[in-house]
Structure formats: C-alpha cells, structure tokens
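Note sheet for the following structure.
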Amino acid sequence: MPRAEFLVALLVAVAFLARLAGRLNVPYPVLLVLGGLLLAAIPGLPRVELDPDLVFVIFLPPLLMHAAFMTSPRELRREWRSIGLLAVGLVLLTMVAVAVVAHEVTNLSWAEAFVLGAVVGPTDPVAATSLFRRLGLPDRLTTILEGESLTNDGTALVALRVAIGATTAAGFSLLDATWQFFGAAIGGILVGIVAGVIVTRVRRHIDDPPVEITLSLFTAYFAYLPAEEIGASGVLAAVTVGLFLAWQSPTGLFQPTSRLQAMAFWDVLIFLLNSLLFILVGLQLRLVLDELGDRSAGAVVGAAAAVAATVILTRLGWMLFVPRLTLLASRSERTPFAERFLLGWSGMRGAVSMAAALSIPLHVAGRPLIIFLTFVTILATLVGQGLTLPALTRRLVAPQPSDDHAEVQAREAAARAALDELDRAAGENGTPEEAVDYVRRRYELRLRHLGADEDQHTLPAVRALQRRLVESERQTIERMHAEEHIDQATVRRLERELDLQEERWSELEESSLS
42 MPRAEFLVAL LVAVAFLARL AGRLNVPYPV LLVLGGLLLA AIPGLPRVEL DPDLVFVIFL
102 PPLLMHAAFM TSPRELRREW RSIGLLAVGL VLLTMVAVAV VAHEVTNLSW AEAFVLGAVV
162 GPTDPVAATS LFRRLGLPDR LTTILEGESL TNDGTALVAL RVAIGATTAA GFSLLDATWQ
222 FFGAAIGGIL VGIVAGVIVT RVRRHIDDPP VEITLSLFTA YFAYLPAEEI GASGVLAAVT
282 VGLFLAWQSP TGLFQPTSRL QAMAFWDVLI FLLNSLLFIL VGLQLRLVLD ELGDRSAGAV
342 VGAAAAVAAT VILTRLGWML FVPRLTLLAS RSERTPFAER FLLGWSGMRG AVSMAAALSI
402 PLHVAGRPLI IFLTFVTILA TLVGQGLTLP ALTRRLVAPQ PSDDHAEVQA REAAARAALD
462 ELDRAAGENG TPEEAVDYVR RRYELRLRHL GADEDQHTLP AVRALQRRLV ESERQTIERM
522 HAEEHIDQAT VRRLERELDL QEERWSELEE SSLS
C-alpha cells in the first residue's frame, strides 16, 4: 500500500478506534495502541518505523506546551516539592533499579543497562494528560501526576545522553553528568521564559485570528528548537513557555474571536497528535520483532517481564513506602493509602520512551534488545495499568465533589461586576438610555437564571423554545440562500452567530441546573 493511502487509512483507524473507545468506556490511548498492534500484524502493510526526530521535534513540543498551558501554575507551585522529587528522584531510582535487574537477567553491559533505565524511567506526558483528566482523580493527585509527567522527560533524556556517552571509550564522569544535567535543566527553563516574553509582546500587537493561531503553534518550536540547539532541555523549554503563557492568562494573549478559533484548533490538533502517536507505538511491533533477530524467545520475554515488573514495583514502592521523602504527606495534609496506591499505579510509559529507545546510536550493541524491552514495558504499563486504572479509581477514591457551585458563583460575580460598570457607564455623557436599559435587562435575566431555584424547572422549557426558534431561523436562512437572496459567505456568518447563541444558552442551562 502506498504511504499516502496508508496515512489516510491510519487517520480513518484513529477516528474509528477513538469512537469505539468512547462507546466501550475505555481510555482511547489504550485502544489505539492495541489497534496499532493489530495493524502491524496484517501482511502487506508497509513497515512503519517511528522516527525519533518525528516525536521529539514535531510531535512533542506542541503536546508539552499545550499540556503545560492547560495546567494551573498556582497548583503546580503548591506541589513543586512533590513534583520535583518524583520528576528527578523517582526517575533516577527507576533508572538504577532497571539497570541492576537488566544487567542480571540479560547480557547487557552496565552502561547499556543504564541506557535502558533512562529510556523507561519517565512516565509519558501524552498518556498522562489523556487519562488523568477523564478519570475524576482528586485535583491534587492530578496536579502531581501531570506536573511529574511534564518535567520528568527532561531528567530522563539528559540521563540518556550521559548513559549513551558511557557506552563509548570516554567512560563516565559523575561530575560531568551532574553539570550536564543541571546545565540542561536551567538552560531549558531560561530559554522557555525568554521565548514566552518575546511571544507575549509580539502577540499583543496582532489582531488576525489565523496569524495568532499560527503563532501559538510556532511558539512551541520557538522554545524547543533553540534550547536543543544550545544543548539545553527542549522538553523543559516547551513546558516552561506553556506555563509562562498560562500565567499570563489567555485573555491577555488572544482577542475573543481568535480565542474561540484557537481553542477549536488546538483541541483537534492535540487529539490528532496524541492518537497518531499511540497508534504508531503499536505499529512498532514488526520493527521490534525484526530487530530482535534470532534471540531466544523465552529468554527475552522473561527479561522483558522482569524489566516491566521492576518499573511498576519501583514506582509502587516509592509511593507506598516513602511518602515522607516524596513530601506527599505533610503536617497539614496526609495523602491516604488509596491515593498513594493510585499514584503508584499511574506510571504509564508511551511514545517518548519508544522514541528514546529508537534514538539510541547503532554502535550500542544492546540496542535491539533495549528496543524490545522498552516496547514490552510500554505495553505492560499503558495497556495493563491504563485498562485497570479507571476501575481502581472508582473503587479506591470517592467521587470528587463538583465545582459547579464555584462556577455559578463566578458567573454571578462577573455579572454583578458588569452591572456595576453599566451604572458607571450610564452616568457618562453620550450613552443612550435605550442602550443601557437593553444591556441591563440581559444581565438581570442572566442573574435571575443563575440564582433563582424556580428557574431550574423553567429553564429547560426556555431552552427547548430557544432551540425551536433558532432552528426556524436556520431554515429561513437556508431558504433565502436557495432562492439566491443571500450568498454563501452571508450564510456562514449568520450560522456562526446562531451556533454561538445556542452554545451560550447551553452553558447557561448547565450552570443553572448544576
């Protein structure tokens, strides 16, 4: 099958599997990986090799920046010690534990075993953000898990550079490794801040939605690529610029029209990038088996099981038995055992580990075995833990109380502030009284819907009537277009206004009925 047709087939498979995952209530990353495995087993399909540059340079920067942008800098700052120890301490502990086990159960040298440990050390940010937001985990756990997954790649990739260097005749220097690690981390953070400052200043002078959205995508690469070029951590640069923009607040970066379009653009882009990454991981099956050659199946499967078990048990042991070291337990707030277990069971690996394994130079003798062990570890954690995590969450953690009440309070406060501003505007010369009365009625109606208990019964009827009237408007617009009274551009503008109106009423109904 030609590659163009194969890419189209992949996109069709992504859409089908994502929809099927929703119907089965299964995390879609898991089903996409399994779908990739099935596709890899079909004879006649082209062999697909996941290019590390494709992951690290094309996919990873926007995924990391967007994930960081969607988190709360305030919450991350509150949990910085927990996140920092997990992103550095747990990654390094996992690296050492895996290296010891791999050296014992395989013929990997110590340097090659540490390469494997660095590859499987970090949790995957794509898998993490795809799963945690839909599981209803406590907010604190979600913050810790997402913060860890966003930052531990930087630790692991720097450790990987050092470990690969140790496979050469140059050997290993702890001092050089420490300097390289802190230099890459600090450099990445500084590059991300500088990129954020520059982009923020530029975007404040642009009022063109397509240009603004293009610039928002370019921002991820504007941070990542220069950082990598100077030997700093591109991962931390992309995360830092995302956090910087989140701290600046999107209201100051986008005009309203641009913000609406940007949200839709990024939702689709992140879904496609995530989905393609997961299905591409599954498609590596044929490559992994080819790389393995004529090695004994029993020996390598046993070694893979040992490595995967080490990865899982190391994380569980850290979370369950070292709570004081990880600072997940504090004087003011102790993390219950059930929540620590969920943290320990949430260590999915994914495309980043696969790409890291494939990026190992060909001169490393253990490269084929490392790739196989990494692939099995990804399957064991992503599929095994990913499938069981939703059920464990429901069993171990009580459903989180909804924050709808806080949302309603925010809506009420915003509406009252608008009415106060309207009173000030009414006293200014040149403001027509009719305009003030019209706007006041709209805001007072909104407040009544938000605050009155009786509207919980009347608002659905109002919503149904509104939907009927909007549909009548749409039919009239379509008829006028068919009769050539208006052109296609006018139809699009009017339909967009009706879509926004319907969406606004839907949000108002959800808030009032919560």
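Note that the sequence shown covers residues 42 to 555 in the working numbering.
Every residue gets a Cβ at the ideal spot worked out from N, C-alpha and C, and that includes glycine.
A quick note: this is a predicted structure, and the numbers were derived from the prediction, not measured.
For the putative contact between S316 and L486, defined by C-beta atoms under 8 Å, what is the C-beta separation to the nearest angstrom? Actually they do not touch by this definition, with Cβ atoms about 42 Å apart.
Can you list, in chain order, the residues of its chain whose CB lies under 7 Å from that of S257, leaving out five sequence neighbours each side? A303
Would you identify the three-state DSSP class for R336, choosing helix, strand or coil? coil
Of all the options A287, V309, R245, which has the alpha carbon lying nearest to the alpha carbon of Q296? R245
Any 3 or more C-beta pairs closer than 8 Å across the segment 416-436 and the segment 446-459: no
Reduced DSSP secondary structure (H/G/I, E/B, other) of G407: coil
For A396, name the three-state secondary structure that DSSP assigns. helix
Please report the straight-line C-alpha distance between E462 and R545, rounded to a whole angstrom. 22 Å
Between L488, V280, E512, which lies nearest to Y265 when the distance is taken from Cα to Cα? V280
The ligand ZN and A392: does the residue's C-beta get closer than 6 Å to at least one heavy atom of that ligand? The model on display carries no ligand, and the ligand ZN is accordingly not part of it.
Local conformation of N148 per DSSP, three classes: coil
Where do the N-terminal and C-terminal ends of the alpha helix (DSSP H) with R64 fall, by residue? 44-65
Inter-residue Cα distance where the pair is G283 and G468: 42 Å
Output the distance between the C-alpha atoms of A476 and A458, rounded to the nearest integer angstrom. 18 Å
Hey, how far is the Cα of D540 from the Cα of A207? 59 Å
H246 - DSSP class collapsed to helix/strand/coil: coil
Close Cβ partners of L357 (< 8 Å) along its chain, the five nearest in sequence each way excluded: F382, G385, W386
Nearest residue (CA-CA) to E153, options P179, F312, V132, V203: V203
Give the range of the alpha helix (DSSP H) segment to which R390 is assigned. Neither: R390 is in no alpha helix (DSSP H) and is coded neither H nor E.
Using only CA atoms, which one of L191, S190, V276 lies nearest to L231? V276
Could you check whether P103 and A261 sit closer than 7 Å to each other, using their CB atoms as the reference points? yes
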